[in-house]
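This report concerns only the one structure given below.
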Amino acid sequence: MFFRQHPAANATLSYFFGCAGLQKAVAVDVVAGDEDWFIEEAEKAGVQIAHVIDTHVHADHYSGGPELARRTGSAYCLHESNQGRVDFEFLPLRDGQRLEAGNVVVDVVHTPGHTPDSICLVVRDLRRGDEPWFVITGDTLFVGAVGRPDLAGREHEMAAQLYDTLQSKLLTLPAELEIYPGHQAGSACGAGLSGKPASTIGFEKRFNPMLSMSRSDFVAALTADIPPQPADMALIVAANLRGTVSAATAA
(Lines of atoms letter the chains of each structure in order from A and count residues from 1; the text may use other names and numbers.)
(Lines give C-alpha, C1' and ligand atoms only; values in the text may rest on other atoms or scores of the structure.)
Protein backbone atom coordinates (compact mmCIF):
# COMPACT_ATOMS: atom_id res chain seq x y z
CA MET A 1 0.00 0.00 0.00
CA PHE A 2 1.04 3.57 -0.60
CA PHE A 3 -0.39 6.37 1.54
CA ARG A 4 -0.28 10.15 1.28
CA GLN A 5 -1.73 12.69 3.71
CA HIS A 6 -2.09 16.05 1.96
CA PRO A 7 -2.46 19.27 4.03
CA ALA A 8 -4.80 21.61 2.18
CA ALA A 9 -6.60 24.94 2.63
CA ASN A 10 -8.61 25.69 5.79
CA ALA A 11 -6.54 23.22 7.85
CA THR A 12 -8.08 20.39 5.82
CA LEU A 13 -6.35 17.03 5.53
CA SER A 14 -6.93 15.11 2.30
CA TYR A 15 -5.85 11.54 1.58
CA PHE A 16 -4.58 9.51 -1.34
CA PHE A 17 -3.80 5.80 -0.96
CA GLY A 18 -4.07 2.53 -2.76
CA CYS A 19 -2.45 -0.57 -4.22
CA ALA A 20 0.54 0.09 -6.47
CA GLY A 21 0.80 -3.58 -7.43
CA LEU A 22 -2.69 -3.69 -8.94
CA GLN A 23 -2.61 0.00 -9.88
CA LYS A 24 -5.75 1.22 -8.10
CA ALA A 25 -6.15 4.18 -5.74
CA VAL A 26 -8.63 6.14 -3.63
CA ALA A 27 -8.79 9.92 -3.07
CA VAL A 28 -10.60 11.29 -0.01
CA ASP A 29 -11.82 14.82 0.82
CA VAL A 30 -10.21 16.57 -2.13
CA VAL A 31 -10.18 20.37 -1.86
CA ALA A 32 -11.00 22.38 -4.99
CA GLY A 33 -7.78 23.51 -6.64
CA ASP A 34 -5.86 20.41 -5.54
CA GLU A 35 -7.04 18.16 -8.38
CA ASP A 36 -3.71 18.43 -10.22
CA TRP A 37 -1.83 17.22 -7.13
CA PHE A 38 -3.86 14.00 -7.03
CA ILE A 39 -3.45 13.44 -10.77
CA GLU A 40 0.31 13.98 -10.51
CA GLU A 41 0.57 11.64 -7.52
CA ALA A 42 -1.39 9.00 -9.42
CA GLU A 43 1.00 9.30 -12.34
CA LYS A 44 4.03 9.00 -10.04
CA ALA A 45 2.59 5.86 -8.43
CA GLY A 46 1.48 4.40 -11.75
CA VAL A 47 -2.13 3.95 -10.58
CA GLN A 48 -5.64 4.76 -11.70
CA ILE A 49 -7.97 6.53 -9.29
CA ALA A 50 -10.89 4.15 -8.80
CA HIS A 51 -12.88 6.08 -6.19
CA VAL A 52 -13.08 9.72 -5.12
CA ILE A 53 -14.85 10.00 -1.76
CA ASP A 54 -16.10 12.93 0.29
CA THR A 55 -16.73 11.98 3.91
CA HIS A 56 -19.69 14.41 3.86
CA VAL A 57 -20.93 17.46 1.98
CA HIS A 58 -18.43 20.01 3.26
CA ALA A 59 -19.40 23.39 4.69
CA ASP A 60 -15.95 24.93 5.20
CA HIS A 61 -14.31 24.42 1.81
CA TYR A 62 -15.20 23.85 -1.81
CA SER A 63 -14.88 20.21 -2.79
CA GLY A 64 -12.65 19.20 -5.66
CA GLY A 65 -14.01 15.66 -5.56
CA PRO A 66 -16.56 15.91 -8.39
CA GLU A 67 -14.07 17.66 -10.68
CA LEU A 68 -11.31 15.12 -9.94
CA ALA A 69 -13.74 12.28 -10.67
CA ARG A 70 -14.74 13.89 -13.96
CA ARG A 71 -11.13 14.42 -15.02
CA THR A 72 -10.05 10.87 -14.18
CA GLY A 73 -13.20 8.92 -15.04
CA SER A 74 -13.47 7.78 -11.41
CA ALA A 75 -16.55 7.08 -9.34
CA TYR A 76 -17.45 10.01 -7.09
CA CYS A 77 -18.87 8.77 -3.79
CA LEU A 78 -21.04 10.20 -1.01
CA HIS A 79 -23.25 8.63 1.63
CA GLU A 80 -26.56 7.42 0.21
CA SER A 81 -28.56 9.96 2.27
CA ASN A 82 -27.49 12.59 -0.26
CA GLN A 83 -29.65 11.03 -2.98
CA GLY A 84 -32.15 13.70 -4.00
CA ARG A 85 -30.14 16.31 -2.13
CA VAL A 86 -27.29 16.91 -4.57
CA ASP A 87 -27.79 18.00 -8.18
CA PHE A 88 -25.57 15.40 -9.84
CA GLU A 89 -25.07 11.67 -10.04
CA PHE A 90 -22.77 9.92 -7.59
CA LEU A 91 -22.07 6.43 -6.29
CA PRO A 92 -24.16 6.13 -3.10
CA LEU A 93 -22.35 4.53 -0.19
CA ARG A 94 -24.16 2.61 2.54
CA ASP A 95 -23.09 1.56 6.01
CA GLY A 96 -21.08 -1.65 5.83
CA GLN A 97 -20.30 -1.37 2.12
CA ARG A 98 -16.83 -2.43 0.97
CA LEU A 99 -14.92 -0.71 -1.84
CA GLU A 100 -11.93 -2.36 -3.47
CA ALA A 101 -8.77 -0.80 -4.88
CA GLY A 102 -6.60 -3.78 -5.68
CA ASN A 103 -5.37 -5.33 -2.44
CA VAL A 104 -6.60 -2.30 -0.50
CA VAL A 105 -10.18 -2.46 0.75
CA VAL A 106 -12.24 0.31 2.31
CA ASP A 107 -15.18 -0.40 4.61
CA VAL A 108 -17.76 2.39 4.87
CA VAL A 109 -19.07 3.28 8.34
CA HIS A 110 -22.00 5.70 8.55
CA THR A 111 -21.14 8.06 11.42
CA PRO A 112 -23.82 10.77 11.72
CA GLY A 113 -23.42 13.58 14.23
CA HIS A 114 -21.25 16.24 12.64
CA THR A 115 -23.63 16.03 9.70
CA PRO A 116 -26.33 13.47 8.92
CA ASP A 117 -24.35 12.13 5.94
CA SER A 118 -20.93 11.77 7.62
CA ILE A 119 -18.99 8.59 7.00
CA CYS A 120 -15.68 7.15 8.19
CA LEU A 121 -13.50 4.79 6.18
CA VAL A 122 -11.84 1.73 7.72
CA VAL A 123 -8.93 0.66 5.50
CA ARG A 124 -7.23 -2.70 5.17
CA ASP A 125 -4.26 -3.90 3.13
CA LEU A 126 -5.07 -7.54 2.37
CA ARG A 127 -1.41 -8.27 1.64
CA ARG A 128 -0.74 -7.61 5.34
CA GLY A 129 -3.82 -9.45 6.58
CA ASP A 130 -7.48 -8.86 7.24
CA GLU A 131 -7.04 -6.64 10.30
CA PRO A 132 -7.85 -2.95 9.74
CA TRP A 133 -4.77 -0.73 9.43
CA PHE A 134 -6.25 2.74 9.82
CA VAL A 135 -9.48 4.71 9.78
CA ILE A 136 -10.11 8.02 8.06
CA THR A 137 -12.47 9.79 10.45
CA GLY A 138 -13.50 12.85 8.43
CA ASP A 139 -15.02 15.49 10.72
CA THR A 140 -16.39 12.94 13.19
CA LEU A 141 -13.30 12.42 15.36
CA PHE A 142 -10.27 14.69 15.44
CA VAL A 143 -7.02 14.45 17.37
CA GLY A 144 -8.00 15.84 20.77
CA ALA A 145 -11.51 16.88 19.76
CA VAL A 146 -14.70 15.89 17.95
CA GLY A 147 -16.75 17.44 15.17
CA ARG A 148 -19.07 20.37 15.73
CA PRO A 149 -22.77 19.39 15.81
CA ASP A 150 -24.54 22.55 14.67
CA LEU A 151 -24.14 22.68 10.89
CA ALA A 152 -27.44 20.86 10.32
CA GLY A 153 -29.19 23.35 12.64
CA ARG A 154 -30.13 20.85 15.38
CA GLU A 155 -27.09 21.01 17.61
CA HIS A 156 -28.44 19.20 20.69
CA GLU A 157 -29.97 16.38 18.63
CA MET A 158 -26.84 16.06 16.50
CA ALA A 159 -24.52 16.19 19.52
CA ALA A 160 -26.41 13.27 21.07
CA GLN A 161 -26.18 11.40 17.78
CA LEU A 162 -22.45 12.10 17.59
CA TYR A 163 -21.97 10.69 21.09
CA ASP A 164 -23.75 7.49 20.10
CA THR A 165 -21.75 7.25 16.88
CA LEU A 166 -18.42 7.66 18.67
CA GLN A 167 -19.21 5.21 21.44
CA SER A 168 -20.78 2.48 19.32
CA LYS A 169 -18.90 2.72 16.03
CA LEU A 170 -15.45 4.25 16.45
CA LEU A 171 -14.38 3.57 20.02
CA THR A 172 -15.14 -0.13 19.57
CA LEU A 173 -12.39 -0.36 16.94
CA PRO A 174 -8.98 -1.79 17.97
CA ALA A 175 -7.01 0.49 20.29
CA GLU A 176 -3.91 0.34 18.09
CA LEU A 177 -5.80 1.46 14.99
CA GLU A 178 -4.41 4.67 13.51
CA ILE A 179 -6.86 7.52 12.95
CA TYR A 180 -6.48 10.15 10.26
CA PRO A 181 -8.92 13.05 10.63
CA GLY A 182 -10.30 15.52 8.12
CA HIS A 183 -8.79 18.57 9.83
CA GLN A 184 -6.08 19.72 12.20
CA ALA A 185 -5.71 22.84 14.36
CA GLY A 186 -7.02 25.98 12.67
CA SER A 187 -10.21 24.43 11.29
CA ALA A 188 -13.66 25.85 11.99
CA CYS A 189 -15.15 22.34 12.02
CA GLY A 190 -14.43 21.73 15.70
CA ALA A 191 -13.01 23.26 18.87
CA GLY A 192 -9.70 22.31 20.49
CA LEU A 193 -8.19 20.40 17.57
CA SER A 194 -4.56 19.34 17.90
CA GLY A 195 -1.94 20.35 15.38
CA LYS A 196 -0.84 16.70 15.26
CA PRO A 197 -2.32 15.18 12.10
CA ALA A 198 -2.78 11.60 13.32
CA SER A 199 -3.40 9.53 16.45
CA THR A 200 -4.74 6.14 17.49
CA ILE A 201 -8.09 4.99 18.85
CA GLY A 202 -6.46 4.01 22.12
CA PHE A 203 -4.66 7.32 22.62
CA GLU A 204 -7.84 9.28 21.95
CA LYS A 205 -9.84 7.12 24.35
CA ARG A 206 -7.29 7.95 27.06
CA PHE A 207 -6.58 11.61 26.38
CA ASN A 208 -9.36 13.16 24.26
CA PRO A 209 -11.48 14.90 26.93
CA MET A 210 -14.71 14.51 24.95
CA LEU A 211 -14.54 10.73 24.90
CA SER A 212 -14.69 10.05 28.65
CA MET A 213 -17.89 12.02 29.35
CA SER A 214 -21.38 10.76 29.97
CA ARG A 215 -23.87 11.32 27.17
CA SER A 216 -25.51 14.30 28.92
CA ASP A 217 -22.16 15.90 29.79
CA PHE A 218 -20.93 15.38 26.23
CA VAL A 219 -23.99 17.11 24.75
CA ALA A 220 -23.73 19.99 27.22
CA ALA A 221 -19.99 20.51 26.64
CA LEU A 222 -20.17 20.22 22.87
CA THR A 223 -23.07 22.64 22.48
CA ALA A 224 -21.56 25.15 24.92
CA ASP A 225 -18.33 25.55 22.93
CA ILE A 226 -19.37 25.95 19.30
CA PRO A 227 -17.04 28.11 17.20
CA PRO A 228 -18.37 30.65 14.67
CA GLN A 229 -19.70 29.05 11.50
CA PRO A 230 -17.30 28.93 8.53
CA ALA A 231 -17.17 32.06 6.40
CA ASP A 232 -19.40 31.87 3.31
CA MET A 233 -20.84 28.58 4.55
CA ALA A 234 -24.11 28.91 2.63
CA LEU A 235 -22.27 29.61 -0.64
CA ILE A 236 -19.86 26.72 -0.09
CA VAL A 237 -22.59 24.21 0.71
CA ALA A 238 -24.65 25.34 -2.29
CA ALA A 239 -21.67 24.91 -4.61
CA ASN A 240 -20.86 21.48 -3.19
CA LEU A 241 -24.47 20.38 -3.64
CA ARG A 242 -24.27 21.45 -7.30
CA GLY A 243 -20.95 19.68 -7.78
CA THR A 244 -19.50 22.52 -9.82
CA VAL A 245 -16.95 24.94 -8.45
CA SER A 246 -15.34 27.55 -10.70
CA ALA A 247 -11.61 28.23 -10.39
CA ALA A 248 -12.35 31.80 -9.35
CA THR A 249 -14.74 30.65 -6.62
CA ALA A 250 -12.32 28.05 -5.29
CA ALA A 251 -9.54 30.62 -5.10
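Counting along the sequence shown from 1, when you hit position 248 you're at 422 in the numbering used here, and nothing is skipped either side. All C-beta atoms in this analysis are idealised placements derived from N, C-alpha and C, irrespective of residue type, glycine included. Predicted model, so just to flag it, every value in this text is computed and none were measured.
**Report entry** Cβ shell of ASP299 (< 7 Å), same chain only, five flanking positions each side left out
**Finding:** Numbered from its first residue, the sequence shown carries residue 299 at position 125. MET175, ASN277, VAL278 and TRP307, listed in sequence order.
**Report entry** ALA413 versus GLU329, ALA194, ARG244 and SER237, residue with shortest Cα-Cα distance
**Finding:** For the purposes of this step, residue 413 is identified with residue 239 of the sequence shown, where counting begins at 1. Minimum Cα distance to ALA413 is reached at SER237.
Query raised in the report: Leaving out five residues before and five after ALA219 in sequence, what residues of the same chain have Cβ atoms less than 6 Å from its Cβ?
Result: Your numbering for residue 219 matches position 45 in the sequence shown. Around ALA219: PHE176 and ALA194.
**Report entry** Segments assigned beta strand (DSSP E), at least 3 residues, entirely inside the region 336-389
**Finding:** 352-355
Report task. Name the one or two DSSP bridge partners that PRO266 has. Result -> Position 92 of the sequence shown, counted from the first residue, corresponds to residue 266. Answer is LEU252, bridged to PRO266.
Query - Length of the line joining the Cα atoms of THR339 and GLY303 - result: Taking the sequence shown and counting its residues from 1, one reaches residue 339 at position 165. Taking the sequence shown and counting its residues from 1, one reaches residue 303 at position 129. THR339 and GLY303: Cα-Cα distance of roughly 27 Å.
Query - Enclosing beta strand (DSSP E) for GLU209 [first to last residue] - result: Taking the sequence shown and counting its residues from 1, one reaches residue 209 at position 35. No beta strand (DSSP E) holds GLU209; the alpha helix (DSSP H) holding it covers 209-219.
Query - Beta-carbon gap between MET407 and ALA395 smaller than 8 Å - result: Position 233 of the sequence shown, counted from the start, is the residue given in the question as residue 407. Position 221 of the sequence shown, counted from the start, is the residue given in the question as residue 395. No. Outside cutoff.
Report task. Ignore the nearest five residues each way along the sequence and tell me which others in GLN358's own chain have a CB closer than 8 Å to its CB. Result -> As a first step, residue 358 is located in the sequence shown; it is residue number 184 there, counting from the start. For GLN358, where only same-chain residues beyond five positions count, the Cβ hits under 8 Å are PRO181, ALA185, LEU187, PHE316, VAL317, LEU367, SER368, GLY369, LYS370 and PRO371.
**Report entry** First and last residue of the uninterrupted alpha helix (DSSP H) at VAL411
**Finding:** The residue given as residue 411 occupies position 237 in the sequence shown. It spans 407-416 - the alpha helix (DSSP H) in which VAL411 sits, taken as one unbroken run.
Query - Counted within 10 angstroms of its Cβ, other Cβ atoms place ASP208 as buried (16 or more) or exposed - result: Taking the sequence shown and counting its residues from 1, the one referred to as residue 208 is at position 34. So ASP208 counts as buried.
**Report entry** Where VAL393 sits in the DSSP three-state scheme
**Finding:** Position 219 of the sequence shown, counted from the first residue, corresponds to residue 393. VAL393: helix per DSSP, three-state reduction.
Requested in this report: Go through its chain and collect everything with a Cβ distance to VAL221's Cβ below 7 Å, but skip five positions before and after it.
Outcome: If you number the sequence shown from 1, residue 221 lands on position 47. Hits under 7 Å: GLY192, ALA194, GLN197, LYS198 and ALA199.
Query raised in the report: Which residues bound the beta strand (DSSP E) around ALA185?
Result: Within the sequence shown, residue 185 is the residue found at index 11, counting from 1. That residue, ALA185, is in no beta strand (DSSP E); it is neither H nor E in DSSP.
Query raised in the report: Any idea if PRO383 is buried or exposed, counting beta-carbon neighbours within 10 angstroms, 16 or more meaning buried?
Result: One-based indexing of the sequence shown puts residue 383 at position 209. It is exposed - the Cβ of PRO383 has fewer than 16 other Cβ atoms within 10 Å.
Query - C-alpha gap between GLY287 and GLU215, whole angstroms - result: As a first step, residue 287 must be located in the sequence shown, where it is residue number 113. As a first step, residue 215 must be located in the sequence shown, where it is residue number 41. In a straight line, the C-alpha of GLY287 is about 32 Å away from that of GLU215.
Report task. Decide if the region 242-260 is in contact with the region 318-325; the criterion is three or more beta carbon pairs, one per stretch, under 8 Å apart. Result -> no
Query raised in the report: How should SER248 be labelled, buried or exposed, when 16 other C-beta atoms within 10 angstroms of its C-beta is the threshold for buried?
Result: The residue labelled residue 248 in the question sits at position 74 within the sequence shown. With 16 or more other Cβ atoms within 10 Å, it is buried.
Query - Paired residues, beta bridge with ILE227 - DSSP - result: Within the sequence shown, residue 227 is the residue found at index 53, counting from 1. ILE227 pairs with VAL202 and CYS251.
Requested in this report: Rounded to whole angstroms, what's the CA-CA distance from THR229 to GLN179? Just pull it up for me.
Outcome: Taking the first residue of the sequence shown as position 1, residue 229 is located at position 55. Taking the first residue of the sequence shown as position 1, residue 179 is located at position 5. About 15 Å.
Report task. If I'm right that THR289 touches VAL231 with Cβ under 8 Å, what's the distance once you round it to whole angstroms? Result -> Sequence index remark: in the sequence shown, residue 289 carries index 115 (1-based). Sequence index remark: in the sequence shown, residue 231 carries index 57 (1-based). About 7 Å; that satisfies the 8 Å criterion.
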